[in-house]
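Below is one structure; the comments refer to it alone.
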Amino acid sequence: MGEDRALRELAAELERDDPRLAARLTGAADAGHRDAPWWVLLLAGAPLLMGLFLVSEAAFGGAILVLALAAPLIVGWLVGPPGGSATPGPS
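Quick look at the structure:
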């Protein structure tokens, strides 16, 4: 009986501190696809780069260089926590 009360208090505290996490744990979170536009861009990006190559090899090389340098940032953004908010560490 005392455990139920403690769990309810913890759930209420979690709801106040991080409502999105609480919604995910209770199953009430929206299961939307936050990365859907990026897949469309990825699929459309290859033909666009091929068209850029037909226009100018230097422009194609520049685009590849920019993508290669931005790849770690893109992967970090895709793999990072949803909404871009990291949980704070211990204080």
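Here this note's numbering runs 585 ahead of the position in the sequence shown, where the first position is 1. Note that the Cβ used here is the ideal one computed from N, Cα and C, for glycine as well.
Taking the straight line between their C-alpha atoms, what separation do you get for residue i and residue j?
i	j	result
Gly612	Trp662	25 Å
Ser641	Met635	10 Å
Ala608	Glu600	8 Å
Ala648	Ala656	12 Å
Asp677	Leu658	Since the first and last residues shown for the chain are 586 and 676, residue 677 lies out of range.
Leu627	Leu652	12 Å
Ala629	Glu588	54 Å
Gly665	Arg590	34 Å
Ala631	Val625	11 Å
Does the distance from the C-beta atom of residue i to that of residue j stay below 8 Å?
i	j	result
Leu654	Ala644	no
Within its chain, find whatever has a CB closer than 8 Å to the CB of residue i; leave out the 5 residues flanking it on each side and keep chain order.
i	result
Trp623	Leu663
Ala597	none
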